[in-house]
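Those protein sequences? They're chains A and B, same order as listed. So for the first sequence, this note's numbering puts the first residue at 2; every next one is plus one. So for the second sequence, this note's numbering puts the first residue at 2; every next one is plus one. The beta-carbon is built from N, C-alpha and C at its ideal position, and this holds for glycine as well.
There are 2 protein chains.
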Amino acid sequence: MISDLEQIFSTNIKGMKKSAIRELLKLTQRPEIISFAGGLPAPESFPIDQLKDITNEVLDQDGIAALQYGATEGVTELRQILVDRYNKEGLNIELKNLVITTSSQQGLDLVAKIFVNPGDKVICGLPSYLGGLGAFNSYGAELVGIKFDDKGMRADLLDEKLAELKTQGIKPKFIYIIPDFQNPAGITMPESRRLEIIEVAKKYDILIVEDSPYREVRFEGKPQKTIFELDNSGQVILLGTFSKIFVPGFRIGWVVANEKIVDKFVVAKQSTDLCTPTMNQKIAYKYIEKGYFDANLKTIIEQYHEKRDNMLSAFREFMPEGVTWTEPEGGLFLFLTLPQGMDAEDLFKKAIENDVAFVLGSVFHCDGSGKNTMRINFSYMSKERTTEGVKRLAKAIKEML
Amino acid sequence: MISDLEQIFSTNIKGMKKSAIRELLKLTQRPEIISFAGGLPAPESFPIDQLKDITNEVLDQDGIAALQYGATEGVTELRQILVDRYNKEGLNIELKNLVITTSSQQGLDLVAKIFVNPGDKVICGLPSYLGGLGAFNSYGAELVGIKFDDKGMRADLLDEKLAELKTQGIKPKFIYIIPDFQNPAGITMPESRRLEIIEVAKKYDILIVEDSPYREVRFEGKPQKTIFELDNSGQVILLGTFSKIFVPGFRIGWVVANEKIVDKFVVAKQSTDLCTPTMNQKIAYKYIEKGYFDANLKTIIEQYHEKRDNMLSAFREFMPEGVTWTEPEGGLFLFLTLPQGMDAEDLFKKAIENDVAFVLGSVFHCDGSGKNTMRINFSYMSKERTTEGVKRLAKAIKEML
Chain A
2 MISDLEQIFS
12 TNIKGMKKSA
22 IRELLKLTQR
32 PEIISFAGGL
42 PAPESFPIDQ
52 LKDITNEVLD
62 QDGIAALQYG
72 ATEGVTELRQ
82 ILVDRYNKEG
92 LNIELKNLVI
102 TTSSQQGLDL
112 VAKIFVNPGD
122 KVICGLPSYL
132 GGLGAFNSYG
142 AELVGIKFDD
152 KGMRADLLDE
162 KLAELKTQGI
172 KPKFIYIIPD
182 FQNPAGITMP
192 ESRRLEIIEV
202 AKKYDILIVE
212 DSPYREVRFE
222 GKPQKTIFEL
232 DNSGQVILLG
242 TFSKIFVPGF
252 RIGWVVANEK
262 IVDKFVVAKQ
272 STDLCTPTMN
282 QKIAYKYIEK
292 GYFDANLKTI
302 IEQYHEKRDN
312 MLSAFREFMP
322 EGVTWTEPEG
332 GLFLFLTLPQ
342 GMDAEDLFKK
352 AIENDVAFVL
362 GSVFHCDGSG
372 KNTMRINFSY
382 MSKERTTEGV
392 KRLAKAIKEM
402 L
Chain B
2 MISDLEQIFS
12 TNIKGMKKSA
22 IRELLKLTQR
32 PEIISFAGGL
42 PAPESFPIDQ
52 LKDITNEVLD
62 QDGIAALQYG
72 ATEGVTELRQ
82 ILVDRYNKEG
92 LNIELKNLVI
102 TTSSQQGLDL
112 VAKIFVNPGD
122 KVICGLPSYL
132 GGLGAFNSYG
142 AELVGIKFDD
152 KGMRADLLDE
162 KLAELKTQGI
172 KPKFIYIIPD
182 FQNPAGITMP
192 ESRRLEIIEV
202 AKKYDILIVE
212 DSPYREVRFE
222 GKPQKTIFEL
232 DNSGQVILLG
242 TFSKIFVPGF
252 RIGWVVANEK
262 IVDKFVVAKQ
272 STDLCTPTMN
282 QKIAYKYIEK
292 GYFDANLKTI
302 IEQYHEKRDN
312 MLSAFREFMP
322 EGVTWTEPEG
332 GLFLFLTLPQ
342 GMDAEDLFKK
352 AIENDVAFVL
362 GSVFHCDGSG
372 KNTMRINFSY
382 MSKERTTEGV
392 KRLAKAIKEM
402 L
């Protein structure tokens, strides 16, 4: 072994830590623990039998192509069907505007690879998806957090911050937004706020990265147009994924953007993994094409809707005064705020003693704030376990009050 | 669209070009073209029927886990069976020494992410696998090329170069070696040279990255010990992949290294794609466990052996005086050298007119040398097409002489 291993690691990797969530998940895998910590889809939503049939069909009809290297851009029929779906929704994109990625996480990694030099600023919400922050950090980005209200990132504070940075000659590389059923906050940005954010982005000539893994999982209320569609000028990079609306184990995501930006994604992806698994893409295409996707998505929405309702009623029944939470119209997460001054980290230890787990809200805050907040997942656990878990959590909170 | 898009790209992405090979492959996809350009495995080697059975079995018995998120380190049973196979061969590793990657290309990307700061030197062979060079470049590495003889990278020149760099206070981050059936040169490093390279690496306290995608595809001669095994001190990072010995479309590779290094791979991979597709890993495990892997590998070896022999006899029959080529004991490629002063780029245009394609050797040379060399793939085309292709190539060369 070489003598100075710790010294020769890159500056960026030295700054990276193992994901708090993924490490936490390991700790919370004792079977007796009721875990609201992960972001796992409900296993009962996985279309196992359909996938057996489709895989046989793909291997029978198109096996050689399915097992061979594929184009870096992705399998054309899958890209085309995704393009068609977006256009049906109101977007106006072509094949050249969409590239398949090996999970949406790769989309986040590549966004950073394409735009971030060490020390560059990136704007993110307080809070924001940890995996996004981690990817940006891994290229040496310096994160600038903008506070939320009940409509998501505040456009006025964003404007103020960008003005302040501008006086210092600093132009952030992009604004990172998860507009629908935000992870972790569970908040959906209404159209008015989306338009305000676009206006500020245009004023300061800055890209928006719209991370949209949950958008299709809407239980109620009116679907919001994507920021990409509302902008319609090429200023927005839209990231999508099958992880929450089909299966995560296939690791298929995609990026929709201006052709010049997609071109850079392709270049960056070539040196990263050459191409996304071909067979998985071909199966995903057939799954959509046969109509299974839309049918199964309905089931997922119904399941998660029930699970959310069940969790909310358990919250109302068991949570002590002073604890508040978001009531998301879709997605997988809600966000819980403890009374001011209470520390979710202390609660975490007590919760684990009580065999219930969650994720500290502070890990989603790039400035370390949010000490009294927690992210709660409602998609994974059964309704019975959820109710019991909320009881245990409420008990732990009461003990601390 | 923002006004200064071209300016805001990262320094690293500005330095990256689309892979010459992958772009070339697009140009050479006219059906009439006989292409020796790609690095594609033979489609007739793909075990389609076995994969249908195994996929059904995995989805039946373990469907939920196969479709869910998995551990960043990879599926344990797959890691374990790979560890066992290496140990049977003579290595002495544990589960903690092996992490699954989404293709060996991801292994190369992560190596660079973990070690390379912009401006760091990386040692590579003249020539070396283009995808490796691309991955290192994408993190701003400066490549230092070391010439080959018929045993691969010259240890004496490596020693000289490292001594020279040391006087300048420069210590490269690692030495990149493809010891078996090297891509593109088709050369295998004998044990004596491996030991010399290890000695030099130890003398200058530098890591070795051993990229080993072809090692199992040996037609004749004695299998060489991996550099990892010969070193046995943790100074070597070994990259493996299923792409050439099973199927490339699954995108499964792995990294074997000292535990502290594996730990960094896991951290880096978390922000890159969270985990490699779970189902693909579970299928690969069963494919090995059922004995299909070893049986099918034998068939691949026989097929490629025949294809190589066929190509070599066509070369002997048709190539004009002054053209030389390597005669690899395995793998997918051989390397052809034109008479001094002849330019493979001129030949390429003529070859395409004659409906035959190859890859310019110069793209594998980080210093731009190798103008009169070319990489020839013999695994993909049928024997008949290969013979015809060699005829066409020989004709083009004769026309230029």
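(1) Under DSSP, the beta strand (DSSP E) around N378(B) begins and ends at which residues?
(2) Answer yes or no: does any C-beta atom of chain B fall closer than 7 Å to that of K19(A)?
(3) Report the residues of the segment 137 to 148 of chain A with a CB closer than 7 Å to any CB of chain B, ordered along the chain.
(4) What span of residues does the beta strand (DSSP E) with E1(B) cover, start to end?
(5) Three or more C-beta pairs under 8 Å: does that hold for the segment 149 to 160 of chain A against the segment 133 to 140 of chain A?
(6) Anyone know if the C-beta pair for T388(B) and A315(B) falls short of 7 Å?
(7) Hey, quick one: how far does the alpha helix (DSSP H) through Y288(B) stretch, first residue to last?
(8) From the DSSP output, which residues share a beta bridge with I124(B)?
(9) With a threshold of 16 other CB atoms inside 10 Å of the CB of K350(B), please say whether the residue is buried or exposed.
(10) Name the residue from G39(A), A43(A), I49(A) and K18(A) whose alpha carbon lies nearest to the alpha carbon of A285(A).
(11) To the nearest angstrom, how far is it from the Cα of S46(A) to the Cα of Y381(A)?
(12) Pop quiz: D110(A) and A142(A) are said to be a contact at Cβ under 8 Å. What is the actual Cβ separation, rounded to whole angstroms?
(13) Indicate whether at least one CB of chain A lies closer than 7 Å to the CB of T12(B).
(14) Which same chain residues, not among the five before or five after L298(B), have their C-beta less than 7 Å away from its C-beta?
(15) Just tell me which of V112(A), F175(A) and F294(A) has its CA closest to the CA of R86(A).
(16) Would you verify that the beta carbon of D110(A) is, or is not, closer than 7 Å to some beta carbon of chain B?
(17) Using CA atoms only, rank isn't needed, just tell me which of V100(A), K53(A), A202(A) and D347(A) is closest to I82(A).
(18) Is P321(A) buried or exposed, if buried means 16 or more other CB atoms sit within 10 Å of its CB?
(19) Is there contact between the segment 203 to 219 of chain A and the segment 232 to 248 of chain A, where contact requires at least three CB pairs shorter than 8 Å?
(20) Pull up the DSSP beta-bridge partners for G241(B), would you.
(21) Can you list, in chain order, the residues of its chain whose CB lies under 7 Å from that of K1(A), leaving out five sequence neighbours each side?
(22) Does M280(A) get closer than 7 Å to chain B when you measure Cβ to Cβ?
(23) Please list, in chain order, the chain A residues whose beta carbon lies closer than 7 Å to that of P185(B).
(24) Examine chain A for any beta-carbon lying closer than 7 Å to the beta-carbon of R403(B), and answer yes or no.
(25) For G153(B), count neighbouring C-beta atoms within 10 Å of its own C-beta (all shown protein chains included) and say buried if the count is 16 or more, exposed if not.
(26) Can you pull the chain B residues whose beta carbon is under 9 Å from the beta carbon of P180(A), in chain order?
(27) On the criterion of 16 or more Cβ atoms from any shown chain inside 10 Å, does T12(A) qualify as buried, or is it exposed?
(28) At which residue ranges does the segment 309 to 381 of chain B contain complete alpha helix (DSSP H) runs of 4 or more residues, listed in the order of the chain?
(29) Indicate the three-state DSSP secondary structure (helix, strand or coil) for D274(B) in the structure shown.
(30) In the structure shown, what three-state DSSP assignment does D150(A) receive?
(31) What residues from the segment 375 to 393 of chain B come within 7 Å of chain A, judged by C-beta to C-beta, listed N to C?
(32) Under three-state DSSP, which class holds S46(B)?
(33) Got a sec? Which residues, its chain only, sit under 6 Å from P119(A) by beta carbon, not counting five neighbours each side?
(34) Going by Cα to Cα distance, which pick from K172(B), T56(B) and F243(B) is closest to Y70(A)?
(35) Could you tell me which of R386(A), E400(A) and L275(A) sits nearest to I34(A), measuring between CA atoms?
(36) When the distance is taken between beta carbons, is A67(B) closer than 7 Å to K283(B)?
Result, derived from the coordinates:
(1) Run containing N378(B): T374 to N378, per the beta strand (DSSP E) assignment.
(2) K19(A) counts as touching chain B.
(3) Cβ contacts with chain B come from S139.
(4) Lying before the first or after the last residue shown, residue 1(B) is absent from chain B, which here runs from 2 to 402.
(5) The answer is no - the segment 133 to 140 of chain A does not touch the segment 149 to 160 of chain A, with fewer than three Cβ pairs under 8 Å.
(6) Yes.
(7) For Y288(B), the enclosing alpha helix (DSSP H) has its first and last residue at T279 to E290.
(8) Answer by DSSP bridge pairing, in chain order: V145(B) and I176(B).
(9) Exposed, because fewer than 16 other Cβ atoms sit within 10 Å of the Cβ of K350(B).
(10) Among G39(A), A43(A), I49(A) and K18(A), the Cα nearest to that of A285(A) belongs to I49(A).
(11) Going from the Cα of S46(A) to the Cα of Y381(A) covers about 10 Å.
(12) About 12 Å separates the two Cβ atoms, so there is no contact after all.
(13) So yes, T12(B) belongs to the interface.
(14) Result list for L298(B): E217 and I246, in chain order.
(15) Cα-wise, what sits closest to R86(A) is F294(A).
(16) Taking Cβ atoms only, chain B reaches closer than 7 Å to D110(A), which makes this a yes.
(17) Of V100(A), K53(A), A202(A) and D347(A), the residue nearest in Cα terms is V100(A).
(18) Exposed, because fewer than 16 other Cβ atoms sit within 10 Å of the Cβ of P321(A).
(19) They touch, by the three-pair rule.
(20) Note: G241(B) sits in a beta bridge opposite W255(B).
(21) One cannot answer for residue 1(A) here, as it falls past the ends of chain A, which runs 2 to 402.
(22) Closer than 7 Å to the CB of M280(A) there is at least one CB belonging to chain B.
(23) Those do not exist, as P185(B) stays about 16 Å from chain A at its closest Cβ, beyond 7 Å.
(24) The structure shown does not extend to residue 403(B), since chain B spans only 2 to 402, so no value can be given for it.
(25) With 16 or more other CB atoms across the displayed protein chains lying within 10 angstroms of its CB, G153(B) is buried.
(26) What P180(A) touches in chain B: nothing, since even the nearest Cβ is about 19 Å away.
(27) Per the 10 Å Cβ criterion, exposed.
(28) Those alpha helix (DSSP H) runs which fall completely within the segment 309 to 381 of chain B and span 4+ residues are 345 to 354.
(29) Helix at D274(B).
(30) The answer is strand: DSSP assigns D150(A) an E or B state.
(31) Per Cβ criterion, the list is empty.
(32) Residue state for S46(B) is assigned as helix, using DSSP reduced to three classes.
(33) Closer than 6 Å at Cβ, skipping near neighbours: G141.
(34) Of the candidates K172(B), T56(B) and F243(B), the one whose C-alpha sits nearest the C-alpha of Y70(A) is F243(B).
(35) The closest CA to that of I34(A), considering only R386(A), E400(A) and L275(A), is found on R386(A).
(36) Result yes, Cβ atoms of K283(B) and A67(B) sit closer than 7 Å.
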